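J.:
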Amino acid sequence: MEYNFRDIEARSQAYWQELAVYRTSEDPSRPPYYVLDMFPYPSGAGLHVGHPLGYIASDIFSRYKRLQGFNVLHPMGYDAFGLPAEQYAIQTGQHPAKTTEVNTARYREQLDKIGFSYDWEREFKTSDPSYYKWTQWTFLKLFGSYYDTARCQARPIEELKQHLAHHGTAGLNAHAGEELELTAEQWQQMSHKEQEQTLMNYRIAYLGDTMVNWCAGLGTVLANDEVSEGLSVRGGYPVEQRLMRQWCLRVSAYAERLLSSLDSLEWTDALKETQRNWIGRSEGAEMTFRLESDKELIVFTTRPDTIYGVTFMVLAPESEYVQLVTTAEQRTEVDEYIQATKRKTERERMMDKRTSGVFSGSYAINPITGERIPIWISDYVLAGYGTGAIMAVPAHDSRDFAFARHFDLPIRQVVVPEGEQESDPAEWSESKDSKLGTLINSPLIDGLSVHEAQAKIKQEIEQRGIGRVKVNYRLRDAIFSRQRYWGEPFPIYYQDGVAMPLEEGQLPLCLPEVDKFLPTETGEPPLGRAEGWHTAEGYPYELSTMPGFAGSSAYYLRYMDPHNDEALVSKKANEYWRQVDLYVGGTEHATGHLIYSRFWNKFLYDLGVICEDEPFRKLINQGMIQGRSNFVYRIKGTNTFVSHGLKDQHDVMPIHVDVNIVHNDKLDLEAFKAWQPEYSTAEFILEDGQYVCGWAIEKMSKSMHNVVNPDMIIERYGADTLRLYEMFLGPLEQSKPWDTNGIDGVHRFLKKVWGLFWDGEQLRVEDKPASKQELKALHKLIRKATHDIEQFSFNTSISAFMICVNELQSLGTTSLEVLRPLLILLSPYAPHISEELWRLTGDKSAGSIVLAQWPQCDERYLVEDSFTYPVSFNGKTRFTIELPATMSPQEVEQAALAAPEAARWLEGKTPKKVIVVPKRIVNIVL
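No gaps in the numbering here: position 33 of the sequence shown is 32 in numbering that gives the first Met the number 0, and each next residue is one more.
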């Protein structure tokens, strides 16, 4: 019978739906196992073949654990808020909710075609009011809490108010934006507004002034990954760094806990290291440098032992100190430099190796040496780390060295690395490493090792009262507001300018209707257009909305109990599922999403809402399926596009273009104009009458417009072929290019599996005992498949399937004793063909293969009955001989010497020695 995958897959999916085999509930009689995918943003483009890679891997593991008897929770939903739907609404007038509804329906259709084992009864979108009610609820809890540094946990803000009322800030153990000194009397004499402003210094969710990426063209703050070369990725509008009042989350309060609990997680070392670097714990000292004007600068350094090597200071352009130190003579030059740096994001500044800066006109006094040192301003220093001011030691820091060389500033060696001698810095081509070595040119600490010098200089700093020892973190508080429409409304209103929380019973605060999705004429966010956007008493609601990561920070908890109207998750459900046992997603979320989710989880743990301190016990990062991207080149500030060969003659911004309107790297101009509304008036500078696109091999992504639609693969080959092929491309964690050349081989394998069960139009299976060879082939596969799934080595497991099926085909296998276990082993990878054959070869009482039992490997069947020995004479193999595996070495020796082939090589000689290595070799020495 022909392998008709379309009919087979439709029947299997209908059967699973009829039986509701993936419906999950708490079942104390079975061990729970929670498998979760990082849920997708539903774009208009739908899924491409890169998206299902992680989903297929998690589905294989979910099916495997279910077959092992676990109660598997495997849900799916949509991260539905975001800028793309809002920009589409601005361009077309279609409400983002409508766009999202259409897009999620498209995603659901595609996901269903691939045959995933999701419990769709738990599905939700982050834009559902019934869901974001709990995002708003958590925000209220964050707003109503502070972080107690003595207890190392979040506590109610009322406790802090009580402390301030009775003791002021004396003895207050609270993580704060800045250190305040207040008496109880001063607190009590404050107005309500003043007290609330003071509490913002302690609340975990707070209003604060922070540097943001502001895009006037889009009317909103952008995340770093939404900005490229000073322009918005969407629309190409200018972006600048701006100090704005924004809602923030005090993630920094949890830095040490986020760091310390990494060791308890089953994550890769590389991912843990990425998180450690992002958190950025460093021990050092804060030191006070006096200005000649008697004012002060506070500097944090991890290397106070190099204080004698300081030859200049550098301030971040956005540092508050800049206004303090800039002289009238340097004002114009400083202002021009600061304006130029506003066009770069912090991430771009960190990656930019070019040297730039401007002299402030002022000098500071080295607190140890008394030396007068110049103060510069440069964008290689960031305001968010330490105090935004550094003491530059160019001899022992690469960025400081490059800066000193560029501006002809002095370089003084103060550490001699191990194994080296003191030398003249003028002859150096780069800075000297100073992690290990001996101090020189440093009177207080000369001759000491780096470790000894650090301890002594820290003691000296505190004794002199010029600073203090301190632990610092790179991790910053999260900016939590966006000037957009399509996001969660803040449950906040303003009473006489004071931010006030809504009552929990008033949630959810739903998005209102607006006439346009643009900022108001006076520059307010889109919610400023909503009529009646205020409380019943007339107090105005917050006009900003929450960022994209708000909805994705606790969605894993909601899946445990998605229909609960009384709580984010019930105690019963949470204590049963506890945490995600396996989380699968891309490395692009190694910092942002994972940091925020872990922070959110720890906060809820502090409140006693959940029972686990960490959200994701084990995490697997799948690699990318790469595509071949194409680029067009827009001349900055215009809607004119220049062909690839002419781009170097202009100042251009490269933009990804849909590969489906590019043919042999030649752009279809009319199709490009019709592609997106903003390009309808595009003009082109051509070469030889054509527009030639650039290209690159990179991540397959909707943002790069280089997608291949899985629907096309399923239509031609079937979902089981797609599932197997994506796993067969290579190791799960590695990136690999999409190449359809190998897909035919995988499809032929499934046809071969189908052929094992059929003889023409008749089933050729029999209920009879299997042979030893058949059982050996099967149990080899059981052992290999079990091991490989546990190790997520799906590609090697598929190879083992191919070998086993070839062996069974050559043996003419018809025994159900072998064929039905084979189907169970195959079912996580190719569930449709496995279900069809399972139903055809068993009785109806057997139920779905989804609910079968994973076969156990019986090592008895893997014991070899015989072994083929290579027989060597003086080290050269001359023939082979098959002997019983149970023979002793003496018996093997006798059999080898007695073999007819041995006489030719013995030539009547008596061997000097016969070496027998059991189940390896026989070597006869003449």
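Quick reminder that beta carbons are idealized off the backbone N, C-alpha and C, glycines included. Source: prediction; values computed, not measured.
Please report how far the alpha carbon of Leu-381 lies from the alpha carbon of Gly-279, in whole angstroms.
T.: Position 382 of the sequence shown, counting from 1, holds the residue named residue 381. Position 280 of the sequence shown, counting from 1, holds the residue named residue 279. Between Leu-381 and Gly-279, the C-alpha separation is close to 14 Å.
J.: Do the CB positions of Met-699 and Gln-625 come within less than 8 Å of each other?
T.: Here residue 699 refers to the residue found at position 700 when the sequence shown is read from its first residue. Here residue 625 refers to the residue found at position 626 when the sequence shown is read from its first residue. Cβ distance < 8 Å, so Met-699 and Gln-625 count as in contact.
J.: What did DSSP end up calling Ala-44 once you bin it into helix, strand or coil?
T.: Stepping through the sequence shown from its first residue, residue 44 is reached at position 45. Three-state DSSP puts Ala-44 in coil, outside helix and strand.
J.: Tell me which same chain residues have a C-beta within less than 6 Å of the C-beta of Leu-825, skipping the five on either side of it?
T.: Locating residue 825 in the sequence shown gives position 826, where the first residue counts as 1. Once the five neighbours on either side are set aside, the close Cβ partners of Leu-825 are Ser-833.
J.: Can you tell me the Cα-Cα spacing of Asp-857 and Ser-552, whole angstroms?
T.: As a first step, residue 857 is located in the sequence shown; it is residue number 858 there, counting from the start. As a first step, residue 552 is located in the sequence shown; it is residue number 553 there, counting from the start. Cα to Cα, Asp-857 sits roughly 45 Å from Ser-552.
J.: Establish whether the CB of Val-220 and some CB of chain B are separated by less than 8 Å.
T.: This model lacks chain B altogether, as it is built from one protein chain only.
J.: To the nearest whole angstrom, what separates the beta carbons of Leu-248 and Asp-514, a pair I think is in contact under 8 Å?
T.: Walking along the sequence shown from the start, residue 248 turns up at place 249. Walking along the sequence shown from the start, residue 514 turns up at place 515. In fact, because the Cβ distance is near 32 Å, the residues do not count as touching under 8 Å.
J.: Compute the Euclidean distance between the alpha carbons of Ser-871 and Ala-897, then round it to the nearest angstrom.
T.: In the sequence shown, residue 871 corresponds to position 872, counting from 1. In the sequence shown, residue 897 corresponds to position 898, counting from 1. If you take the alpha carbons of Ser-871 and Ala-897, they lie about 14 Å apart.
J.: Who does Met-349 pair with in a DSSP beta bridge?
T.: On the sequence shown, position 350 is the one that residue 349 refers to. Beta-bridge pairing links Met-349 to no other residue.
J.: So which of Phe-402, Leu-66, Pro-41, Ile-439 has the shortest CA-CA distance to Tyr-32?
T.: The residue labelled residue 32 in the question sits at position 33 within the sequence shown. With distances taken between Cα atoms, Tyr-32 lies closest to Leu-66.
J.: Are the CB atoms of Ala-391 and Leu-296 within a distance shorter than 8 Å?
T.: Looking up residue 296 in the sequence shown gives position 297. Looking up residue 391 in the sequence shown gives position 392. No, these two residues do not count as a Cβ contact at 8 Å.
J.: What does a CB cutoff of less than 8 Å around Asp-396 pick up in its chain, not counting 5 residues either side in sequence?
T.: Mapped onto the sequence shown, residue 396 falls at position 397. If we look at Asp-396 and ignore the five residues flanking it on each side, its Cβ neighbours are Ser-430.
J.: Check whether the Cβ atoms of Phe-123 and Gly-76 sit closer than 8 Å, and answer yes or no.
T.: Position 124 of the sequence shown, counting from 1, holds the residue named residue 123. Position 77 of the sequence shown, counting from 1, holds the residue named residue 76. For Phe-123 and Gly-76, yes; Cβs fall inside 8 Å.
J.: Tell me which residue opens and which closes the beta strand (DSSP E) that Pro-888 is part of.
T.: Mapped onto the sequence shown, residue 888 falls at position 889. No beta strand (DSSP E) contains Pro-888, which is instead part of the alpha helix (DSSP H) from 888 to 897.
J.: Tell me which residues share the same chain as Gln-648 and place their Cβ nearer than 8 Å to its Cβ, disregarding the 5 neighbours each side in the sequence.
T.: Start at 1 with the first residue of the sequence shown, and residue 648 comes out as number 649. Once the five neighbours on either side are set aside, the close Cβ partners of Gln-648 are Val-641.
J.: Between which two residues does the beta strand (DSSP E) harbouring Asn-663 extend?
T.: The count along the sequence shown starts at 1 and reaches residue 663 at position 664. Taken as a continuous stretch (DSSP letters only), Asn-663 belongs to no beta strand (DSSP E), as it is neither H nor E.
J.: Would you kindly report the start and end of the unbroken alpha helix (DSSP H) that includes Glu-969?
T.: With the chain running from 0 to 925 in the structure shown, residue 969 is simply not present.
J.: Which complete alpha helix (DSSP H) runs does the segment 75 to 135 hold, if anything under 4 residues is left out?
T.: Qualifying alpha helix (DSSP H) stretches, in chain order: 82 to 91, 95 to 113.
J.: Does the distance from the C-beta atom of Ile-880 to that of Ala-895 stay below 8 Å?
T.: On the sequence shown, position 881 is the one that residue 880 refers to. On the sequence shown, position 896 is the one that residue 895 refers to. Yes; because the gap between Cβ atoms is below 8 Å, this pair is in contact.
J.: Flag this pair as yes or no: are the beta carbons of Asp-208 and Leu-242 separated by less than 8 Å?
T.: As a first step, residue 208 must be located in the sequence shown, where it is residue number 209. As a first step, residue 242 must be located in the sequence shown, where it is residue number 243. Against a cut-off of 8 Å, the Cβ pair of Leu-242 and Asp-208 comes out as a contact.
J.: Hey, would you say Val-250 sits closer than 8 Å to Ile-594, going by beta carbons?
T.: Here residue 250 refers to the residue found at position 251 of the sequence shown. Here residue 594 refers to the residue found at position 595 of the sequence shown. Their beta carbons are under 8 Å apart, which means Val-250 touches Ile-594 by this criterion.
J.: What are the boundary residues of the alpha helix (DSSP H) that includes Glu-951?
T.: There is no way to answer for residue 951, as the model of the chain reaches only from 0 to 925.
J.: Taking Gly-940 as the reference, which of Leu-181, Asn-200, Glu-100, Ala-149 has the closest Cα?
T.: A question about residue 940 goes unanswered here, because the residues of the chain that appear run from 0 up to 925.
J.: Would the beta-carbon of Leu-314 fall within 8 Å of that of Ile-374?
T.: Translated into the one-based positions of the sequence shown, residue 314 becomes position 315. Translated into the one-based positions of the sequence shown, residue 374 becomes position 375. In this structure, Ile-374 lies closer than 8 Å to Leu-314 by Cβ.
J.: Tell me whether Glu-613 sits in a helix, a strand or coil according to DSSP, three-state version.
T.: One-based indexing of the sequence shown puts residue 613 at position 614. Coil at Glu-613, not helix or strand.
J.: Using DSSP with H/G/I as helix, E/B as strand and the rest coil, what is Ile-802?
T.: Mapped onto the sequence shown, residue 802 falls at position 803. Correct three-state label for Ile-802: helix.
J.: CA-CA distance, Ala-403 and Ile-337?
T.: The residue you call residue 403 lines up with position 404 of the sequence shown. The residue you call residue 337 lines up with position 338 of the sequence shown. Ala-403 and Ile-337: Cα-Cα distance of roughly 20 Å.
J.: Under the DSSP definition of a beta bridge, which residues are partnered with Gln-761?
T.: To locate residue 761, count along the sequence shown from 1; it is residue 762. According to DSSP, which records beta bridges pairwise, Gln-761 is partnered with Asp-758.
J.: Exposed or buried, His-831, counting other C-beta atoms within 10 Å across all chains shown (16 or more means buried)?
T.: Within the sequence shown, residue 831 is the residue found at index 832, counting from 1. Buried, since its Cβ has 16 or more Cβ neighbours within 10 Å.
J.: For Tyr-828 and Leu-774, I'd like the C-alpha separation in whole angstroms.
T.: Mapped onto the sequence shown, residue 828 falls at position 829. Mapped onto the sequence shown, residue 774 falls at position 775. If I take the Cα positions, the gap works out to 22 Å.
J.: Report the rounded CA-to-CA distance for Gly-585 versus Gln-621, giving the unit in angstroms.
T.: Along the sequence shown, read from residue 1 onward, the residue named residue 585 stands at position 586. Along the sequence shown, read from residue 1 onward, the residue named residue 621 stands at position 622. Near 6 Å, if we compare the C-alpha coordinates of Gln-621 and Gly-585.
J.: Could you tell me if Cys-214 is buried or exposed, where buried requires 16 or more neighbouring beta carbons within 10 angstroms of its beta carbon?
T.: Mapped onto the sequence shown, residue 214 falls at position 215. Counting Cβ neighbours within 10 Å, Cys-214 comes out buried, since at least 16 surround it.
J.: Ends of the beta strand (DSSP E) at Tyr-33?
T.: Here residue 33 is taken as the residue at index 34 of the sequence shown, counted from 1. From DSSP, the beta strand (DSSP E) with Tyr-33 extends over 31 to 36.
J.: Measuring alpha carbon to alpha carbon, tell me which residue in Arg-10, Tyr-2, Arg-5 is nearest Arg-977.
T.: Since the first and last residues shown for the chain are 0 and 925, residue 977 lies out of range.
J.: Can Leu-506 and Trp-136 be called in contact, C-beta distance under 8 Å?
T.: Locating residue 506 in the sequence shown gives position 507, where the first residue counts as 1. Locating residue 136 in the sequence shown gives position 137, where the first residue counts as 1. A contact, by the Cβ cut-off of 8 Å.
J.: Does Lys-64 come out as helix, strand or coil in the three-state DSSP assignment?
T.: Counting from 1 along the sequence shown, the entry for residue 64 is found at position 65. Note: Lys-64 maps to helix in three-state DSSP.
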